[in-house]
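S.K.: One structure, as structure tokens, below. Some questions next.
Residue numbers (the working numbering): 19 to 166.
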């Protein structure tokens, strides 16, 4: 009888470890589901523009990564200043932004979308946006633009 006790304890420990491995594997598969990440990316990409169209600059800036950086606007502060200028002059609206040529280059945790074409007040340029999945949220991490 005394020999069965360690066996029961070992069996329980092994059973708990197997259950943990199974649950961890299921959670990992759910997190790295490319289709789910793609769908959430599309929602985030559309949401960012909707926030800008609705003049919700604070909401739009929450979608920009603290790690943002690009040649056009070197950091999040520079991009914020530029976005406020664009919004203040009403350059970015549903009517001035053409998304018909946008192509998406998607990886499980990164994406690039563009070109977006913006024409307003005699100016025309195109831009693309880089995104990264950070803590289950898609964040804008870079922007490239060209004058038309």
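C-beta: ideal position from N, C-alpha, C; glycine also.
Nothing here was measured: the structure is a model prediction, and the numbers come from that model.
Buried or exposed for residue 103, please, with buried defined as at least 16 other CB atoms from any protein chain shown within 10 angstroms of its CB.
M.R.: exposed
S.K.: By DSSP's criteria, residue 145 is part of a beta bridge. Which residues make up the other side?
M.R.: 134, 163
S.K.: Going by beta-carbon coordinates alone, are residue 97 and residue 82 separated by less than 9 Å?
M.R.: yes
S.K.: For the structure I just gave you, are there three or more beta carbon pairs, one from the stretch 109-116 and one from the stretch 129-137, closer than 8 Å?
M.R.: yes
S.K.: Is residue 165 near residue 146, with beta carbons less than 9 Å apart?
M.R.: no
S.K.: Taking residue 78 as the reference, give the member of 54, 125, 131, 68 with the closest Cα.
M.R.: 68
S.K.: Alpha carbon to alpha carbon, how far is residue 92 from residue 101?
M.R.: Each residue's Cα considered, the two are about 13 Å apart.
S.K.: Anyone know if the C-beta pair for residue 148 and residue 129 falls short of 9 Å?
M.R.: yes
S.K.: Please work out which residues of its chain come closer than 6 Å, Cβ to Cβ, to residue 63, disregarding the five sequence neighbours upstream and downstream, and give them in chain order.
M.R.: 131
S.K.: To the nearest angstrom, how far is it from the Cα of residue 123 to the Cα of residue 163?
M.R.: 16 Å
S.K.: Should residue 126 and residue 55 be called a contact, given that it needs their Cβ atoms to be closer than 9 Å?
M.R.: yes
S.K.: Mapping the DSSP letters down to three states, classify residue 127 as helix, strand or coil.
M.R.: Three-state DSSP puts residue 127 in coil, outside helix and strand.
S.K.: What does the Cβ neighbour count give for residue 140, buried or exposed, with the cut at 16 atoms within 10 Å?
M.R.: Result: exposed.
S.K.: I'd like to know whether the C-beta atoms of residue 159 and residue 51 end up nearer to each other than 9 Å.
M.R.: no
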